[in-house]
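Written out below as structure tokens is the structure these notes cover.
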Amino acid sequence: MQSDFDEEQSHFIHIKGKFEDIIHAKTIKDIEVISLELDEDTVENLRQEVKRKGIRKMVVVGNAGMGKTTTTQYLASRDAEILLNGYNNLSMGNPLPIYIALKNFKEEERQKTIVSIHDLILEKVNKSLKIPVEETQKINQLRHYLEKLLREGKITLFLDGMNEIPKDFKESKRNAIDKFMEDYKKVFYLLTSRKEDYSSGFFSHIPTFELQKMNLKQIELFLDKNANDETVRHHIFQAVQKSAILKQFVGVPFILSVLIQVVEKNGEIPDSYSKIIGAFINNLYHWQQRQDKAFDDATRQNTHFLLCHLATQIKQTYDANPDISFKQVLDIFKQRKEEYELAIDLHYVLKTAVDLNILVKKERKYTFVHQLFAEYYVQEELEL
């Protein structure tokens, strides 16, 4: 779990310091049997309060870029660190943390078997153990052991991104999660979702907390921890103090992290979050042009054109940002290349997008490094 967390962090966003100082959540819905005394606090403190009340599940909601995944992975990593540093025996008090990205809770293309939560848990644990698939006896032993842990409540299950379940699977997979939680009541569940998905009614019986945008003090702390250049820190913070609109969109940790890098490079502060992301992407393109003579203006435009098409096709197909196969990416690229007769090497485009951390590659599957990147490219497609 710690290695997974470190890998995710290495892809793009680097938030230094304690998340407790930066990311807070506010109670937006209790259930009848629970009355939280904490109006706003860290997600970890709220989690402990929920546990003290005897509740075994909670939901954290927030808009894109607010830190749902970062916070969830951080808590899972902390739990893993506690186990590694002295707790040899799993228990309900010291359970095994398992983090699952729900954007991949779907059946694979042409796959006939139905993927279950059990399968996702087994896959996640076996990623560390590396038991070959053909060793069926060992795989079955692991499956039975995990079943025992689930029954005894010795697992904490972090289910990240309810809203990111691909649209064709939303209803069936949500029902599967609901049944799983009903079958394994001793397990502690921490689920996350975008705020707009909260109104669906799926979380009606679960304590729910909303991640809060950073206030001025937290923005200043974030800048201190994440901007090495004092001039950059001062420039951004002064602008935030003068503009309520700027304060609103840089109160989102991901946006502020991107803005720091834009100001470090360009010296100017764009006036909207989409322009911030656009400036960051363009800086990546400019960097690539300086490093690679093959990435000329025409190649840059075609690369952007292809990435816009990729993001739009993924949005239309899944209404999410899931991992998709190498073949799927190339097929989408090929469709646009043939339609517009583009003179460009599709493998080169894909490699460049990964090298620039626009796309992330995991085991020959690809995804946009952040949902906001995908949304930026979709918007760009509409404006082309």
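Following my numbering, the numbering of the sequence shown begins with 198 at its first residue and continues without gaps. C-beta: ideal position from N, C-alpha, C; glycine also. Remember, predicted model here, so these are calculated numbers, not experimental data.
Looking at the backbone, the Cα of Y470 and that of I442 are separated by about 10 Å. Distance from the CA atom of T239 to the CA atom of Q270, rounded to whole angstroms, is 14 Å. Using a 10 angstroms sphere on the CB of S325, the tally of other CB atoms stays under 16, which defines it as exposed. Between the alpha carbons of H501 and G475 lies a distance of about 11 Å. Straight-line measurement puts the Cα of N291 at about 46 Å from the Cα of W484. DSSP places I336 in the uninterrupted alpha helix (DSSP H) bounded by 333-349. Residue pairing from DSSP places R391 in a beta bridge opposite G259.
Shown here, D238 sits in a strand according to DSSP, grouped into three states. Bridge partners of I352 according to DSSP: L293. A direct Cα-to-Cα measurement between K534 and L503 gives close to 8 Å. For R391, the closest alpha carbon among the candidates F400, K383, F385, V384 is that of F400. It is roughly 45 Å from the alpha-carbon of V437 to the alpha-carbon of E305. Taking the CA atoms as reference points, F419 sits about 21 Å from V257. Using a C-beta cut-off of 8 Å, the region 523-532 makes contact with the region 556-563, since at least three inter-stretch Cβ pairs fall below that distance. Ranking N499, Y574, L293, F530 by CA distance to the CA of R275 puts L293 first. In the structure shown, Y386 adopts extended strand secondary structure according to DSSP, grouped into three states.
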